[in-house]
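For the sequence shown, this note's numbering begins at 16 and goes up steadily by one. Read the structure below first, then the notes.
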Amino acid sequence: GESRKLLPVTVSKEDAVHNIGRAALLVAALARGEWDQLDLATQDRLHQPARARIFPAMPDIFAAAKSAGALCAYLSGGGSTIAAFAIEHEDRIAAAMKDAASARGYSGQTAITAPSDAGAVVVETA
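Right, here's the structure in full:
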């Protein structure tokens, strides 16, 4: 789609190393319960900056999530989802994210989920 066309064909070695390191940090932080590392671990140089050009509300939604208590917030995939990790205040975070999106003219749904070891599953939302 339009979002995928924004991605560069090649990336710098520095940006590739940055993202590989962040991916490794994310796995380690989740495995060890080092929640304070999640914000750093979800920083991206490969797809979020490019997609922010067509989704300028993204930084505001990230900031709203973190201000409301999220440990981190990030763009998932091509931009259909912004996700946040939290261990408390989930309802407040979801509302803050939705309000920030609405203030910039975006609508959407929020879903609060929990970690699972069941693998990939389809989640139905109303």
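Idealized CB from N, CA, C, for every residue including glycine.
For R19, the number of other beta carbons within 10 angstroms of its own is below 16, and it is reported as exposed.
In the three-state reduction of the DSSP assignment, L90 falls in the strand class, which pools E and B. For F77, the uninterrupted alpha helix (DSSP H) run begins and ends at 73-82, by DSSP.
Short of 8 Å from the beta carbon of E103, and not among the five residues preceding or following it, lie these beta carbons of its own chain, in chain order: G84. Beta-carbon to beta-carbon, L41 and A31 are separated by about 16 Å, too far to satisfy the 8 Å threshold. In this structure the stretch 131-138 does not touch the stretch 103-123; the number of beta carbon pairs closer than 8 Å is below three. Residue pairing from DSSP places A98 in a beta bridge opposite Y89.
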